[in-house]
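In UniProt numbering, the protein residues as written are 1 to 89.
Idealized CB from N, CA, C, for every residue including glycine.
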């Protein structure tokens, strides 16, 4: 898999994980709470995941949503903090 294809795969995983938590990253960008730099940093952490196939399976199993990310997610703290901020807002 090329470097760009791998980056694109992990970008999609980040976006799907956010959606699964009820987050809209585009909306967060428009509100000024999320930047392209934030996205790159988040995807970079995701790229360090040793088992993206497992993540894809988890996402498939949680198509209706979830309140938290799986424990192994490298972006768990970030995404859950964003979700908590939005839920309490």
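N-terminal and C-terminal residue of the alpha helix (DSSP H) that residue i is part of
i, result
"residue 28", "25 to 30"
"residue 3", "3 to 20"
"residue 88", "76 to 88"
"residue 58", "52 to 61"
Proximity to residue i [Cα-Cα], best of the options
i, options, result
"residue 56", "25, 13 and 20", "13"
"residue 11", "88, 37 and 31", "37"
"residue 4", "61, 31, 51 and 40", "40"
Neighbour-count burial assignment, residue i, 16 or more Cβ in a 10 Å radius
i, result
"residue 82", "buried"
"residue 35", "exposed"
"residue 18", "buried"
"residue 42", "buried"
Cβ-Cβ separation, residue j to residue i (assumed contact under 8 Å), whole Å
i, j, result
"residue 80", "residue 68", "6 Å"
"residue 16", "residue 59", "5 Å"
C-beta atoms of residue i and residue j nearer than 8 Å
i, j, result
"residue 45", "residue 85", "no"
"residue 71", "residue 22", "no"
"residue 76", "residue 47", "no"
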